[in-house]
Amino acid sequence: MTDAVTEMAPYAFVRKEPLEQQPAPLSVAGPLAWVRAHLFSSPLNIALTLLSLYVVATSLPELIRFYFVDAVWSGANRAACLADKVGRPVGACWAYVADRFQYFIYGSYPISQRWRVNIVFAMFALGVVWLLWTRAPKKKLGIFFFFVLLPISAYVLLLGGAGAERFLGICLTLALALAALYVVLSLVPQLVGFHIGEAALGVVRQLPAWKRFSGPKQLILFALLVFGLLSMLASSVGLPRVDTGLWGGMTVTFLIAAVGIVFSLPLGVLLALGRRSKLPIIQLLSVIFIEFVRGVPLITVLFMANTMLPLFVPQEYSPDRLLRPLVGVALFAAAYMAEVVRGGLQAMPKGQYEGAMSLGLGYWSMMRLIILPQALRIVIPGIVNTFIGLFKDTTLVTIVGIFDFLRTIEATLVDPTWATPTTRATGYAFAAVFYFLCCWGMSRYSIAVEKRLAAGQKR
Amino acid sequence: MKKFIGAALVAASTAICASGALAQSATLTQVKSRGILHCGSGTGLAGFGIPDAQGNWSGLDVDVCRAVAAAIFNDPTKVKFIPLSAKDRFTSLQSGEVDLLSRTTTWTLSRDTALGLNFAGVSYYDGQGFMVRKKLGVDSALKLAGASICTQQGTTTELNLADYFRANKIKYEVVAFASNQETVKAYESGRCDAFTTDASGLYAERLTLSTPADHIVLPEIISKEPLGPVVRHGDDVWFDIVKWSLFAMVNAEELGITKANVDEMLKSDNPEIKRFVGTEGKFGEPMGLTNDWAYRIVKHVGNYGESFERNVGSGSLLKIARGQNALWTKGGLQYAPPIR
Amino acid sequence: MSTTSAEVKPGKASLLYDPKIRGYFYQILLLAAVGFLIWSAASNAIENLRAQKIASGFGFWHNASGFDINQKLIPYDASSGTYGRAFWVGLLNTLLVASIGIVLSTFLGFFVGVARLSGNWIVSKIAMIYVEVIRNVPLLLQLFFWYNAVLKPLPNPRQSIELPAGALLNNRGLYIPDPQLGPGGGLILWALLFGLVATFIFRAWARKQQAATGTQYPIGWVALGLIVVLPTLVYFVTGRPISFVYPELAGFNLRGGIQIFPEFVALLIGLTTYTAGFIAEVVRAGILAVSRGQTEAAHALGLRPGPTLKLVVIPQAMRVIIPPLTSNYLNLTKNSSLAVAIGYPDLVQVFTGTVLNQTGQAVEVVAITMAVYLTISLVTSLFMNIYNKRMALVER
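So, in structure tokens, the structure goes:
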């Protein structure tokens, strides 16, 4: 009604079109206002801002000068990084890092055999991407690859020698035998009848023979492929034994981290299930183990593994020096992993357990099919955080005499070839950047996963 | 799996042998079946045991291991060197991880008895000394009152240091580190006024400092440090093998047998030399070795003097004089019982 | 219903599938496996120890140690010290660095955590960078950095850096004047003690009054008067009985004063900054867990940002903060064992390092060390649980 009236009215002072939108006043929007709101809102804030600016202004240019502007990027020995030899102020000595880079990666691993380490690195990267990249296909195959095939191939490739090749032979034979078994089974599915039951078989029978049991068959084929390639390598190029005493650098750091991850996750799940179990003895033993390990520092666990493990086994089987900290780290990480997984188990609504039980699932089927997939999903951030801790903790093996990445840095610092006033700062900066990138990458991943999971819950 | 079976077989066979034969060394059997000698070495001390960039070990202590390997396998390369820190060297030997420890280890009563070890002779007569900066202007250890002294923890060095300063009623501050590298690093950075370890070690470590000429080794030797190869209690034949491998090197020097002339010595008429190279008598067999065991050692490793000069003496960067380590015939302490 | 199930006669046919029996079976199996494991490990150990002629038992505890330790809180020297005494020296050093580290890292952690949430852009960014860098770099590397790259390059004792109040800094550590109590000096300590007790009582009384009547008393001023002014007055009245022994150059090192070793300082800085990074995250999460309405309501009541944080947000956040804070304290204590890498004589360095090596009794030494850390862990979590319960009671 009113609209109609105004429309009709012939008054000239009534505006026909709306005003152009004005920009907000400078005191509310714009960079100046932002600065005022975020940097100078109160006397305290002004003081803090000025103090922070002072800290940044004094330290940042100095850091840039030291690590980039004045840095030495190439050279053959310490003469390149000595201020009085070069004739200018010298910052970080990156030439030293470049010169020792191979050593930082491989330790004393024989140069002619380093391609083996590279293959393992590539396989490790493949496995990590496969598992972490959410849209990667065939996750089950990926899990099988990372937790079964990768450890076996890494063992064979890195160590080599007659023992490893025999072991590879056994694995290959086993895979072949399984393959044969499944070929027979898919042609004559009745043989499985005892095990699976008619209902499930009904489905299998309707499929053509090559499609039956496709899950296990894929795994076996994949295993055959990997083992076959490995044994071809072994027979054509040969894999001479490289003693663990020669391993070092990032190889060992990643090895310890990977072993920790591969073994601590399944072990941690078992311990968490044990701790939540209704069977008193199993529960008690799990609690004792978890609380004991979490109550002592890793370094004492490593000392124990180093000095006491050899005592606990017959003398002939005295474990390898590298194996001991590996055992220690894996057990240690498992206890922490167990607590993370327990958190996930506790977060499962009771209805999930009851629903699974009402379907007639047994304990293991319930856990495998219903509870664990959900529980593990929600604790992925916690698991990744444990991995970050584990990765940082790998440095402690330095103390029991294993040449991990940090130890190789330390070892080169006492080498007179590169003894300059700035070598130490350079070496530590390089190590810090390496660890930071790895850990920070993992924590970014965990945050991303957390966000994705939260998105699902918010809806 | 097969490894396990193999190990079990070895264990079983050693058990049978131990009960059946008289002079059969369990360790020797194990080493032979393994095909390689496991030798505990240091984590890197120039002149005594240090790996080069390719991982080949050299040094005076290393040569003792090589001599044993040469005597057993006629091949000095059949040794796996396992770097052990001062802290876990004995545990490794006791647990059977290494067959022999040759790692600048001082022969002391408690190690010989309470720790259950046997010292198979002395490969180097050493003593503990001090290294200081030249510009400090100190010429005697007795003038180190109030000084900070860096040492490696868990060594006899640490104990000798306490004894020496206590006996001379001098106050000092000890700073102990877990590894030798850490200790040297701390000394070089100025954390300590003095660095103490065996005199041989001082000379070796001085080389690794950025300006070796700025540091001097003080004249005082505050302890007796006879260094030698070590084996476990309980295998006397193995003890004999290691002991006599070392003696063979010393005897070779005394008899004038060198790496270069050892093949000619096979034709020698001198009965002592004939016994040594195995052309007369059966001296290797009681130890479970061949009779040319000593010939093999000299052939592959050389005599004691050669090894000394090559690793720590005039042929090396360390340039340590023979001193106490000269043969007894030349006023030193190196003396080996005769082979007969 | 009941009649039909009775006809099936449950249990009889499915003894194998009875969960109870299966449960017993599994447990017995596990127990047997663990028992066998322990038995074989023990028998192997006994066998190996006997073969190696390593002494066993705890007899070494009273044996003379023969080595020196530079930092000791209780009298100890190589001539009269025993391994047991060395153990206590190491343990006290561990507790010293852990307790100071816990206090400092709590302050720093709270400060950084609050700074990260600050409206001040640059402050929150700096706090964020601090947290990210500290948390993602291994502690051992940070310790190496502090010890080898920061403290060791300090000048030697002859060129010590002079700090205010007669303190000196060089590569042998930090030297501070050593206060000596003259006659009548004890009175000052008594005055300080009295001030502390009186403040405590006054605070309790003032709180009660505030709860009952709403009147606020200036607790801060009273505390200042009692704790600072009173002892100072006594100090002057008694004729300034405290004298200081200043560190001075004598021979190679400084003599006099209290020496704080660089190993200790490096470990303390490393542990404090590292743990503070984690505490900051805990604090941030705790504060974020307090709903925004609380802050807005406090602001609406006219509280300024400072009191809002102190009176409204932090007390509520504490309930979320305390459990993870406890585990961070425990981590700090356990991480102090990394002292072994930089030569600080803590429990692990002295006991699992030197003593283990001199005696060769790995089993006993490692077992004792582990037992100590376990005890510390259990006791700390016990106290924290009690505190946690008290905090939780505030909620009605």
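Protein chains in written order, with my numbering: chain A, 1 to 459; chain B, 1001 to 1340; chain C, 2001 to 2396.
Where is the CB? At the ideal position from N, CA and C, for every residue including glycine.
Notebook entry, point to check: Does the stretch 2284 to 2293 of chain C touch the stretch 2313 to 2325 of chain C, meaning 3 or more C-beta pairs lie closer than 8 Å?
Noted result: yes
Check: Cβ of K1259 (chain B) within 7 Å of any heavy atom in the ligand FMN?
Finding: What this structure holds is no ligand at all, so the ligand FMN is not there to describe.
Item checked: Cβ neighbour criterion (16 or more within 10 Å) applied to G328 (chain A) -> Here residue 328 (chain A) is taken as the residue at index 328 of the first sequence, counted from 1. Under this definition G328 (chain A) is a buried residue.
Item checked: Residue nearest to E1220 (chain B) in terms of C-alpha spacing, selected from B:A1199, B:T1279, B:P1271, B:E1264 -> The count along the second sequence starts at 1 and reaches residue 1220 (chain B) at position 220. Measuring from the Cα of E1220 (chain B), the nearest candidate turns out to be B:A1199.
Item checked: Three-state class that DSSP yields for V1132 (chain B) in the structure shown -> Here residue 1132 (chain B) refers to the residue found at position 132 when the second sequence is read from its first residue. If DSSP states are grouped into helix, strand and coil, V1132 (chain B) belongs with the strands.
Note to self: Any beta carbon from chain B within less than 8 Å of K2020 (chain C)'s own beta carbon?
What the structure shows: For the purposes of this step, residue 2020 (chain C) is taken as residue 20 along the third sequence, with counting starting at 1. Not an interface residue.
Next item on the list: Tell me, please, whether the stretch 418 to 431 of chain A touches the stretch 2133 to 2145 of chain C by the rule of three or more beta-carbon pairs shorter than 8 Å.
Entry: yes
Item checked: Extent of the continuous beta strand (DSSP E) to which K1080 (chain B) belongs -> Counting from 1 along the second sequence, the entry for residue 1080 (chain B) is found at position 80. 1079 to 1083 is the span of the beta strand (DSSP E), which, as asked, contains K1080 (chain B).
Margin query: Starting from H2299 (chain C), trace the alpha helix (DSSP H) in both directions and tell me its first and last residue.
Written below: Here residue 2299 (chain C) refers to the residue found at position 299 when the third sequence is read from its first residue. Residues 2292 to 2300.
Note to self: Cutting at 8 Å between CB atoms, please list the residues of its own chain near A2211 (chain C), excluding the five before and the five after it.
What the structure shows: Here residue 2211 (chain C) is taken as the residue at index 211 of the third sequence, counted from 1. For A2211 (chain C), same chain residues with a beta-carbon under 8 Å away, outside a window of 5 residues either side, do not exist.
Next item on the list: Please report how far the alpha carbon of S218 (chain A) lies from the alpha carbon of K139 (chain A), in whole angstroms.
Entry: Along the first sequence, read from residue 1 onward, the residue named residue 218 (chain A) stands at position 218. Along the first sequence, read from residue 1 onward, the residue named residue 139 (chain A) stands at position 139. Ser is not the amino acid found at residue 218 (chain A); the sequence shown has Gln there. Cα to Cα, the separation comes out at about 12 Å.
Notebook entry, point to check: Got a sec? Which residues, its chain only, sit under 7 Å from N1303 (chain B) by beta carbon, not counting five neighbours each side?
Noted result: Counted from its first residue, the second sequence places residue 1303 (chain B) at position 303. Here the set comprises M1249, A1252, E1253, I1257, T1258.
Check: Thinking C-alpha only, which one of B:I1170, B:I1072, B:V1230, B:N1160 is nearest G1040 (chain B)?
Finding: Mapped onto the second sequence, residue 1040 (chain B) falls at position 40. Answer by Cα proximity: B:V1230.
Notebook entry, point to check: Where does P151 (chain A) fall in DSSP's three states?
Noted result: Taking the first residue of the first sequence as position 1, residue 151 (chain A) is located at position 151. Helix at P151 (chain A).
Check: Count the other CB atoms within 10 Å of the CB of Y11 (chain A); is the residue buried (16 or more) or exposed (fewer)?
Finding: As a first step, residue 11 (chain A) is located in the first sequence; it is residue number 11 there, counting from the start. Its Cβ having fewer than 16 others within 10 Å, Y11 (chain A) is exposed.
Next item on the list: Take A80 (chain A) and list the residues in its own chain whose beta-carbon comes closer than 6 Å to its own, dropping the five residues that flank it on each side.
Entry: Stepping through the first sequence from its first residue, residue 80 (chain A) is reached at position 80. Cβ within range, chain order: V72, A95.
Item checked: Buried/exposed call for P2231 (chain C), threshold 16 Cβ in 10 Å -> As a working note, residue 2231 (chain C) is residue 231 in the third sequence. Classification of P2231 (chain C): buried, given that the 10 Å Cβ count is 16 or more.
Checklist line | Three-pair Cβ contact test at 8 Å for the stretch 2345 to 2357 of chain C versus the stretch 2306 to 2313 of chain C | finding: No, the stretch 2345 to 2357 of chain C does not touch the stretch 2306 to 2313 of chain C.
Margin query: Considering only DSSP beta bridges, list what D404 (chain A) is partnered with.
Written below: Residue numbering aside, residue 404 (chain A) sits at position 404 when the first sequence is read from its first letter. For D404 (chain A), which the question treats as bridged, DSSP gives the partners A:G249.
Check: Measuring CB to CB, does A177 (chain A) end up less than 8 Å from S264 (chain A)?
Finding: Translated into the one-based positions of the first sequence, residue 177 (chain A) becomes position 177. Translated into the one-based positions of the first sequence, residue 264 (chain A) becomes position 264. Cβ atoms of A177 (chain A) and S264 (chain A): not closer than 8 Å.
Check: In or out: D393 (chain A) buried (at least 16 other Cβ within 10 Å) or exposed?
Finding: Against the first sequence, residue 393 (chain A) aligns to sequence position 393. Counting Cβ neighbours within 10 Å, D393 (chain A) comes out buried, since at least 16 surround it.
Checklist line | Bridge partner(s) assigned by DSSP for W1057 (chain B) | finding: Position 57 of the second sequence holds residue 1057 (chain B). Note: W1057 (chain B) sits in a beta bridge opposite B:P1051.
Next item on the list: Within the same chain, show all residues whose beta-carbon is closer than 7 Å to that of T1106 (chain B), passing over the 5 residues directly before and after it, in chain order.
Entry: Within the second sequence, the letter at position 106 stands for residue 1106 (chain B). The answer, listed in chain order, is T1156, E1225, P1226, L1227.
Item checked: A425 (chain A) at chain C interface by Cβ criterion, 8 Å -> Stepping through the first sequence from its first residue, residue 425 (chain A) is reached at position 425. It does: the Cβ of A425 (chain A) has a partner Cβ on chain C nearer than 8 Å.
Next item on the list: Going by DSSP, name the residue or residues bridged to A2250 (chain C).
Entry: The residue given as residue 2250 (chain C) occupies position 250 in the third sequence. Paired residue(s): C:N2253.
Checklist line | Backbone secondary structure at S1033 (chain B) - three-state DSSP | finding: Along the second sequence, one-based indexing puts residue 1033 (chain B) at 33. S1033 (chain B): helix per DSSP, three-state reduction.
Checklist line | Backbone CA spacing between A1021 (chain B) and N2044 (chain C) [nearest angstrom] | finding: If you number the second sequence from 1, residue 1021 (chain B) lands on position 21. If you number the third sequence from 1, residue 2044 (chain C) lands on position 44. For A1021 (chain B), the predicted structure reports a pLDDT of 40, less than 50, and the residue's modelled location is therefore unreliable. A value from the coordinates is still provided. Taking the straight line joining both Cα atoms gives about 26 Å.
Next item on the list: For I288 (chain A), count neighbouring C-beta atoms within 10 Å of its own C-beta (all shown protein chains included) and say buried if the count is 16 or more, exposed if not.
Entry: Taking the first sequence and counting its residues from 1, one reaches residue 288 (chain A) at position 288. Classification for I288 (chain A): exposed.
Next item on the list: Would you grab the beta carbon distance between S1148 (chain B) and E1173 (chain B) for me? Rounded to a whole angstrom, and I think it's under 8 Å.
Entry: The residue given as residue 1148 (chain B) occupies position 148 in the second sequence. The residue given as residue 1173 (chain B) occupies position 173 in the second sequence. A Cβ-Cβ distance of about 5 Å is found for the pair S1148 (chain B) and E1173 (chain B), placing them in contact under the 8 Å criterion.
Checklist line | Own chain, CB closer than 7 Å to N2063 (chain C), minus 5 neighbours either side, in chain order | finding: By one-based count along the third sequence, residue 2063 (chain C) stands at place 63. Contacts found: T2082, Y2083.
Check: According to DSSP, is G2173 (chain C) helix, strand or coil?
Finding: Working through the third sequence from its first residue, we reach residue 2173 (chain C) at position 173. Strand at G2173 (chain C).
Check: Counting contacts by CB-CB distance shorter than 8 Å, is S153 (chain A) in contact with chain B?
Finding: Here residue 153 (chain A) refers to the residue found at position 153 when the first sequence is read from its first residue. It does not; no Cβ of chain B falls within 8 Å.
Note to self: So P2157 (chain C) and N2070 (chain C) are supposed to be a Cβ contact under 8 Å. How far apart are they, rounded?
What the structure shows: The sequence position of residue 2157 (chain C) within the third sequence is 157, counting from 1. The sequence position of residue 2070 (chain C) within the third sequence is 70, counting from 1. No, P2157 (chain C) and N2070 (chain C) are not in contact; Cβ-Cβ is about 15 Å, not under 8 Å.
Notebook entry, point to check: So L246 (chain A) packs on I399 (chain A), CB below 8 Å; how close in whole Å?
Noted result: As a working mapping, residue 246 (chain A) is identified with position 246 in the first sequence. As a working mapping, residue 399 (chain A) is identified with position 399 in the first sequence. Under the criterion of beta carbons closer than 8 Å, L246 (chain A) and I399 (chain A) do not qualify as touching, at roughly 20 Å.
Checklist line | Proximal residues of chain C, C-beta to C-beta of V1262 (chain B) below 7 Å | finding: Indexing the second sequence from 1 puts residue 1262 (chain B) at position 262. Residues of chain C passing the Cβ test: none, with the nearest at roughly 38 Å.
Notebook entry, point to check: Buried or exposed: W418 (chain A), going by 16 or more other Cβ atoms within 10 Å of its Cβ?
Noted result: On the first sequence, position 418 is the one that residue 418 (chain A) refers to. Under the 10 Å beta carbon count, W418 (chain A) is surrounded by 16 or more other beta carbons and is classified as buried.
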